[in-house]
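Contents: one structure, followed by commentary.
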Amino acid sequence: MGAAMRRIHVGNALSAFGLGFTVPYLYVYVAQVRGLGSVTAGLVLAVFAVAALIVLPFAGRAIVRRGPLPVLLVALVTAALGALSLGLSASAATVLLSAAALGAGQAVMQPALATMIVDCSTTETRSRAFAMQFFLQNLGLGVGGLIGGHLVDTTKASSFTLLFAIEAAMFLALVAVMATVRTPGAPGLEEAPGGSAGGSWKQLLGNRAMVQLCVLGFVLFFACYGQFESGLSAYGVEAAGISTSALGTALAANTLMIVIAQFAVLKFVERRKRSRVIASVGLIWAVAWAVAGYAGLGHGSQAMATAAFISTYALFGLGEALLSPTLAPLVADLAPTGLAGQYNSAFALVKQLALAIGPAVGGPLGASLHAPYIVAFTLISLGITVLAVRLGRQLTDVQNQPSLARSRVVTQGGASTDAVATAEA
């Protein structure tokens, strides 16, 4: 990795570390510590999603026009102010405004950092760069959540204020780190095909492969992240009798699987077609939902149900490890010159939509309609496999399997391995 890429990865780790401090405890903080009730706490979580949906369409245009670094710095400062304000807020109005600032800043960070990774990597190194990003994000979230859990005290609002202050400090530290990054100059909007914001959106929507990838991405995020802390956890508690401590263990198993498997699966991913890797994720997640079905609908012991439920989260983690070096690099490779920021923001928007709709649909199903919930999401996971196979037909050979580009370069160089060996002899 070059110096710029190292700083970008440090930035990813710092931002995830800061978010890990507060995200798991946000509901408790608003509803109980500040005494604003469950309705306000639910609105705060909704505001995060709404703020992201509002700012992301504009973020793509700004990244293309101004470059990802200035947009990232503005997002970090906005998120830092939102986090600090949230830690000091005592009324519903100020809590909601602070959450909007934090949610907007956090949402814009993702496509800005992704575009910087694209600018600092090549087709050959991009999969590993995004795998490292995902690894550090999960590690940062896990470590931040672990440390934050030891600092909070629900009887003291000051302990939560400290958490939000640490989160704000992480964002500001990231400003200092990222301000030193020098990325290769990416073409601006005026140099890109389409020439205008409207033209670039029209071009994106006219890209059949990108549209199909966005549909596939929505289903992926809806079936996985959209269920983690809503439908699947509700199903585990209501149908499988999972305790809160076991639920925490399941989330830890998910993170641990990602940390262990992320780099072990890289060679597997790099040597295979991206569409087939994504299709395999659908099959793995279908098995995960079947295991979850056993946990809640089977007639085994409570210990077996708990083990099965924890295994479900671990299997989801394996699928996530396969996706991280696949999805984001594919978005970058589909983007025309100069429009990586626009495409990254569009894909982030799709993700936010899935994360907003997923809990609203999965929560009630998982809590009350146990068998239909499992059947529905098993079928949705199999649908991921079908969509991935169809996407593969829209991709060029190199887009689907970047390793082919390296082999073609060797072939076009005019000397095969046998010829070189003969010459050396």
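Residue numbers (my numbering): 52 to 476.
Ideal Cβ positions, reconstructed from N, Cα and C, are used throughout, including at glycine.
Alpha-carbon spacing of residue i relative to residue j, whole angstroms
i	j	result
L139	L406	27 Å
G133	A383	30 Å
R58	V232	7 Å
V194	G71	7 Å
G53	A180	11 Å
F109	P387	18 Å
Q450	M160	26 Å
Q403	G351	37 Å
I168	L148	31 Å
R117	V266	28 Å
L420	L264	30 Å
T377	S142	43 Å
A477	T306	This structure cannot settle anything about residue 477, because the visible part of the chain is limited to 52 through 476.
F398	S375	14 Å
Q452	V79	45 Å
I435	L317	21 Å
A354	V226	47 Å
P121	A55	15 Å
V84	G333	40 Å
F99	T173	33 Å
G34	T176	There is simply no residue 34 to check, as the chain begins at 52 and stops at 476 in what is shown.
A304	S210	28 Å
I335	L271	12 Å
A144	M183	39 Å
T206	L455	59 Å
D170	P119	9 Å
F314	I105	35 Å
V128	T212	18 Å
Whether residue i touches residue j by CB criterion (8 Å)
i	j	result
L107	A152	no
E218	G62	no
L340	F428	Note on identity: in this sequence residue 340 is Trp, with Leu being the wrong assignment. Yes, these two residues count as a Cβ contact at 8 Å.
G392	G111	yes
G282	G368	no
I309	A372	yes
A163	A126	yes
G349	I425	no
F222	A365	no
V320	S432	no
V401	F269	yes
V146	L137	yes
G287	L302	no
A379	L187	no
G45	L214	Residue coverage of the chain in this structure runs from 52 to 476, which leaves residue 45 outside it and unanswerable.
Q445	R259	yes
A67	G257	no
L123	M261	no
V74	G389	no
T363	A346	yes
Supposed close pair residue i, residue j - CB separation, criterion 8 Å
i	j	result
A97	A82	That belief does not hold up - the Cβ atoms of A97 and A82 are roughly 14 Å apart, past 8 Å.
A150	I329	Not confirmed; about 33 Å, so no contact.
Y76	V203	6 Å
A165	N395	5 Å
G443	K253	Not confirmed; about 25 Å, so no contact.
Three or more beta-carbon pairs under 8 Å between the region 345-361 and the region 281-294, yes or no?
yes
Are three or more beta carbon pairs between the region 265-278 and the region 411-431 nearer than 8 Å?
yes
Threshold first: 4 residues or longer. Then list the alpha helix (DSSP H) segments lying entirely within the region 398-462, N to C.
421-443, 448-451
Complete runs of the beta strand (DSSP E) confined to the region 284-346 [at least 3 residues]
none
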